[in-house]
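Undergrad: In our numbering, the protein residues as written are 99 to 216.
1) Starting from the C-beta of residue 204, find all residues in its chain whose C-beta is less than 7 angstroms away, skip the five residues before and the five after it, and write them out in chain order.
2) Answer yes or no: the CB of residue 104 versus the heavy atoms of the ligand GTP, is any distance below 7 angstroms?
3) Does any CB atom of chain C fall closer than 8 angstroms to the CB of residue 164?
4) For residue 166, which residues of its own chain have a beta-carbon under 8 angstroms away from its beta-carbon, when the five flanking residues on both sides are left out?
5) What residues match up with residue 163 in a beta bridge as DSSP calls it?
6) Report the rounded CA-to-CA distance for residue 107 versus residue 210, giving the unit in angstroms.
7) Using the Cα positions of residue 208 and residue 202, report the straight-line distance between them to the nearest angstrom.
8) Could you give the DSSP three-state label for residue 146: helix, strand or coil?
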């Protein structure tokens, strides 16, 4: 709930919309890509019937992720999670206007990366 309030105050979105979109969608995005790490290349993963999800793990090096002000945590996760799962380094550039939730996400990921077991 704290992230929802922070997101709503950060970019002016309604709390209800932020609650539905930001934290849960971000966690789901990271979970999907974390599960996809150990899949075989060119494997089709389960997804909704209207979507074909084909996994190709192709690290390209450094990925620049520029995130807009609308739903920064969710859109940031969409860019950040697949790049990390593919083995890339990510440079994250949040919006100057709405960056607090994305900074909290980044700090949480940094803390998690520093843990010995996760």
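Note that beta-carbon positions come from the ideal geometry of N, C-alpha and C, so glycine has one too.
TA: Here's the rundown:
1) If we look at residue 204 and ignore the five residues flanking it on each side, its Cβ neighbours are 190.
2) Here there are no bound small molecules, and the ligand GTP is not part of this structure.
3) In the structure shown, chain C cannot be found, because there is only a single protein chain.
4) 173 and 193
5) 190
6) 26 angstroms
7) 10 angstroms
8) coil
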